[in-house]
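Notes follow the structure.
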Amino acid sequence: MEVVGLNFSSATTPELMLKTFDQYCEYRKTPNGLVLAPVQLNKWLVFFCDEINLPNEDKYGTQRVISFLRQMVEHGGFYQTTDMQWVKFERIQFVGACNPPTDPGRKPLSHRFLRHVPVVYVDYPGETSLKQIYGTFNRAMLRLLPSLRPQADSLTNAMVEFFLMSQKRFTQDMQPHYVYSPRELSRWVRGIHEALKPLDSLPLEGLVRIWAHEALRLFQDRLIEESERQWTDMNIDEVAIKYFPTIDRAVALQRPILFSNWLSKDYSSVEQGPLRDYIKARLKVFYEEELDVPLVLFNQVLDHVLRIDRVFRQPQGHLLLIGVSGAGKTTLSRFVSWINGLSVFQVKVHNKYTAENFDDDLRNVLRRAGCKGEKITFIMDESNVLDSSFLERINTLLANGEVPGLFEGDEFSALMTQCKEGAIREGLMIDSHEELYKWFTSQICTNLHVVFTMNPSADGLKDRASTSPALFNRCVLNWFGDWSLEAYYQVGKEFTIKMDMERPDYKVPDIIPSVVEGLLPECPSFREMVSNAFVFVHQTLHEANLRLQKRGARTMWITPRHFLDFIAHFVNLMHEKRSDLEEQQLHLHIGLQKIKETVEQVGMFVLYCFCFYSPAK
């Protein structure tokens, strides 16, 4: 028996199922009519239809794909409109799964469909069950380091307690992406295992530091408000001290907690200073080789770089980056891909870009990742989603590592040829198309990383979470949000550092408007005052927009991109005015030089005349 996954979304239609049938089954003519059966004889095929209550209703109130499913379950087949024949199923079954209809974006399934299937309610495991499940995982994981095996139960209890605390504290009513499921615990265990795997020994403080680092990445990186992040920090420390009372807190939980394998062969805790120097040096090469876009390495950038790198090191490591325009989502993804040796493919839409063009791009990416074994980052922004079918394909790719029906006919035959060549290069002898396709999808899961970028619009997040849940379930979410005011100030200083703005005689005014206390030094220079003015103007407009938004008036987003444009206009204007001033000075200098030359010529002429016309003595 083989299970084929189908991930439904709000735009799913019966065509998705028909394409999947074409890929995994074959039509056979028999004396009893046309039969659809698995390609392999005596083998059952189970189609697992996930999120079946997401498809939208048409104008008649019908979910077409659910009606199609009802027909197939009720009558054991479907009517093929191309050949005008009834197709009967053989050794094919269907299983569906969905969230309760009360969740956002879900549609109640019709009783005509439900009367044909048994309905089983499966809730999340309780606290006791979670401890039993993940206790088994942790005991197996800590066999890698025998000295830490007695800590397995404490590790499990700490993980489950903090998970349940976060699940209770942060709900979807607060933010649509605050979704906490046991999947977080599985990722937690996997992250700790990846860090422990290459090590020969580790003190208890090291284990707790890894535990806290993975907790921060899973539970804190998605949070929006600073108060929520502080709550997470505080409770991680409290839970750690509760279950590991003998640790040296200064060693195990000292902030910032940064892990990387860039400074050593192992994925281990690193200091901020050496890491900053390394990334700064790599950024300089990145500018020269790849992208002529300057990046200022403030603390937020350093954190986001490490978070993206952590996900890229994991199989099926996909990212959902949410932040305002210009925050650096795409640029940092490209930089981390470059530093890890990953190729980058970015969707570039145009006014004639269609679903067929998107399918061509997907085929190209999947061939490179699946057949050639190329490690690749597929970057897509929500502004590139010109059609609902784009997101449906991304959903299916994230959930199953494939897109049913993407390769058909001659394209599928060519794909199998390329897969066979790729398998031979790896020393594998695979002949059947079924095994080759499994190898192809496994290669995709290993080599492909999808990065989906979004703006933090509340309505947009709610719509995406309800219509495309795989984006939030299968991706690691990293909230970029907006830059801190300190970051804005640092960027303003860095982008004007090459300008001649030094004024030794500058006197600081008595009243200095500043948006952050302590942002300026006691005796700021003229350059620092200009950078402070940039931030003050930007933040004042941002606050004015927030006030207008509360009144229901028309507003616009004020983002880092506007701030960068603001600085660019200022720099250009300064250069322009300086050029004008230099031109005026040159013009004046030339005029003075001409006057000087004229005076000298007149003097020589007068002297000549005096000597020539003077009377002889």
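Counting in UniProt numbering, the sequence shown runs from 1 upward without gaps.
Heads up, the beta-carbon is just placed ideally off N, CA and C, and yes, glycines get one too.
Counting along the chain, where does the alpha helix (DSSP H) carrying residue i start and finish?
i, result
"N53", "Per DSSP, N53 belongs to no alpha helix (DSSP H) and is neither H nor E."
"Y243", "226 to 243"
"P274", "272 to 289"
"A212", "204 to 215"
"H449", "No alpha helix (DSSP H) holds H449; the beta strand (DSSP E) holding it covers 448 to 454."
"L397", "388 to 400"
"residue 627", "Outside the shown range of the chain, which is 1 to 617, sits residue 627, and nothing can be said about it."
"S531", "526 to 550"
"V251", "249 to 252"
Starting from residue i, trace the beta strand (DSSP E) in both directions and tell me its first and last residue.
i, result
"Q346", "343 to 346"
"Y27", "25 to 30"
"N7", "2 to 7"
"T13", "Premise fails: T13 is in no beta strand (DSSP E) and is neither H nor E."
"F378", "376 to 381"
"L223", "Per DSSP, L223 belongs to no beta strand (DSSP E) and is neither H nor E."
"G191", "Run containing G191: none in the beta strand (DSSP E); it sits in the alpha helix (DSSP H), 182 to 196."
"L34", "33 to 38"
Relative to the alpha-carbon of residue i, which residue among the options has its alpha-carbon at the smallest distance?
i, options, result
"residue 624", "S227, P101, I339, V599", "The structure shown does not extend to residue 624, since the chain is modelled only from 1 to 617, so the question has no answer here."
"I322", "R527, L461, K59", "L461"
"F48", "P14, I257, Q63, Q93", "Q93"
"L436", "G317, C419, M556", "C419"
"H449", "C475, I424, D463", "C475"
"M454", "R464, G401, M604", "R464"
"G105", "T467, D233, R310", "T467"
"D83", "G33, E289, V530", "G33"
"H569", "F495, C611, Q585", "F495"
"L164", "P150, R190, R393, L130", "L130"
"D360", "K352, L406, K375", "L406"
"N532", "A487, L548, Q40", "A487"
"F244", "R209, Y134, L41, M574", "R209"
"E184", "M174, S201, P198, S166", "S166"
"R503", "P560, P524, Q490", "P524"
"G5", "K168, P274, L398", "L398"
"K265", "V491, K197, Q314", "K197"
"Y124", "A140, P150, P182, T136", "P182"
"P146", "Y134, F312, L199", "L199"
"K107", "I430, F526, E51", "E51"
Is there a Cβ of chain E sitting closer than 7 Å to that of residue i, yes or no?
i, result
"L109", "Chain labels in this structure do not include chain E; a single protein chain is all it has."
Check whether the Cβ atoms of residue i and residue j sit closer than 7 Å, and answer yes or no.
i, j, result
"V451", "L319", "yes"
"W44", "R115", "no"
"F21", "I66", "no"
"T377", "S432", "no"
"I236", "A215", "yes"
"residue 693", "I444", "Outside the displayed span of the chain (1 to 617) sits residue 693, for which this structure offers no information."
"R255", "L218", "no"
"V324", "D482", "yes"
"Y180", "Q172", "no"
"N473", "D221", "no"
"V3", "V46", "yes"
"L297", "K284", "no"
"E205", "D248", "yes"
"L253", "A212", "yes"
"S10", "L54", "yes"
"I558", "N572", "no"
"L564", "G326", "yes"
"S389", "A355", "yes"
"F286", "F335", "yes"
"T441", "G401", "yes"
How close, in whole Å, do the beta carbons of residue i and residue j come, if the pair is a contact with beta carbons under 8 Å?
i, j, result
"G76", "F68", "Rounded, the Cβ-Cβ distance is 13 Å, inconsistent with contact."
"residue 622", "N138", "The structure shown has nothing for residue 622, since the chain only spans 1 to 617."
"P38", "Y27", "In fact, because the Cβ distance is near 12 Å, the residues do not count as touching under 8 Å."
"N7", "A470", "6 Å"
"V349", "L386", "6 Å"
"L207", "L148", "6 Å"
"L520", "I512", "7 Å"
"M380", "V347", "5 Å"
"A414", "W439", "With a Cβ gap of about 16 Å, A414 and W439 do not count as contacting."
Is there at least one non-hydrogen atom of the ligand ADP closer than 6 Å to the beta-carbon of residue i?
i, result
"I590", "Among the ligands in the structure shown, none appear at all, so the ligand ADP cannot be discussed."
Original post:
Taking only runs of the beta strand (DSSP E) that begin and end inside the segment 461 to 488, which ones reach a length of at least 3 residues, in chain order?
Top reply: 476 to 481
Subject >> Within the segment 304 to 360, ranges of the beta strand (DSSP E) (whole runs, at least 3 residues) >> reply: For secondary structure counted as the beta strand (DSSP E) over 3 or more consecutive residues, the segment 304 to 360 holds these complete runs in sequence order: 319 to 323, 343 to 346.
**OP:** Please go through the segment 70 to 103 and give each complete beta strand (DSSP E) segment of 3 or more residues, from N-terminal end onward.
**Re:** 77 to 80, 85 to 89, 92 to 97
Subject >> Ranges of the alpha helix (DSSP H) found wholly within the segment 102 to 159, counting only runs of at least 4 >> reply: 111 to 114, 127 to 141
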